[in-house]
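Right, one structure below, let's go through it.
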Amino acid sequence: MPIYKVTKEGYEKLKDTPNKMLVDFYADWCGPCKMIAPILEEIGKEMPDLIIMKINVDELTDIAVQYGIQSIPTLLVMEKGEVKNKAIGFRTKEQILDLIK
310 MPIYKVTKEG YEKLKDTPNK MLVDFYADWC GPCKMIAPIL EEIGKEMPDL IIMKINVDEL
370 TDIAVQYGIQ SIPTLLVMEK GEVKNKAIGF RTKEQILDLI K
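Residue numbers for the sequence shown follow the working numbering, beginning at 310 and rising by one.
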């Protein structure tokens with residue numbers, strides 16, 4: 310499944326989907342965020358049922374505040390609108406896959 314860089318409207322449409330979602334809170338200037346991006350691309354290709362959303366904290370501050378995001382990158386695993394797992398900072402592919410399980 311593709312990775313969605315979402316707007317506020319797009320987030321509202323996707324947040325309650327029954328599919329498992331991996332939400333990446335990031336910023337364009339963040340080095341670790343840039344390092345994690347190709348890993349998320351790989352995971353997206355390998356797990357077609359997983360929705361991956363990228364939320365730019367500089368553009369969608371209200372959503373970041375809603376989830377208490379204080380550091381980036383922050384990854385949230387969500388199911389049916391509920392946070393099931395969370396990781397802060399850079400993670401390897403294996404660590405992200407463990408987070409998703």
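From the three backbone atoms N, C-alpha and C, an ideal C-beta is built for every residue, glycine too.
Being a predicted model, the structure only gives us computed values, none of them experimental.
| Query | Result |
| --- | --- |
| Determine the contact status of proline 327 and lysine 389, defining contact as a CB-CB distance below 8 Å. | yes |
| Check valine 386 in the structure and name its three-state DSSP category. | strand |
| For threonine 383, which of Val315, Val332, Glu368, Lys402 has the nearest alpha-carbon? | Val332 |
| One question on the structure: do isoleucine 364 and tyrosine 320 come within less than 8 Å of each other, judged by their Cβ atoms? | yes |
| On a Cα-Cα basis, can you pick out the residue from Gly353, Ile378, Gly377 that is closest to methionine 330? | Gly353 |
| Where cysteine 339 and lysine 314 are concerned, what is the direct C-alpha to C-alpha distance, given to the nearest angstrom? | 16 Å |
| Tell me which residue opens and which closes the beta strand (DSSP E) that lysine 393 is part of. | 391-397 |
| Does the beta-carbon of isoleucine 372 have 16 or more other beta-carbons within 10 angstroms, so that it is buried, or is it exposed? | buried |
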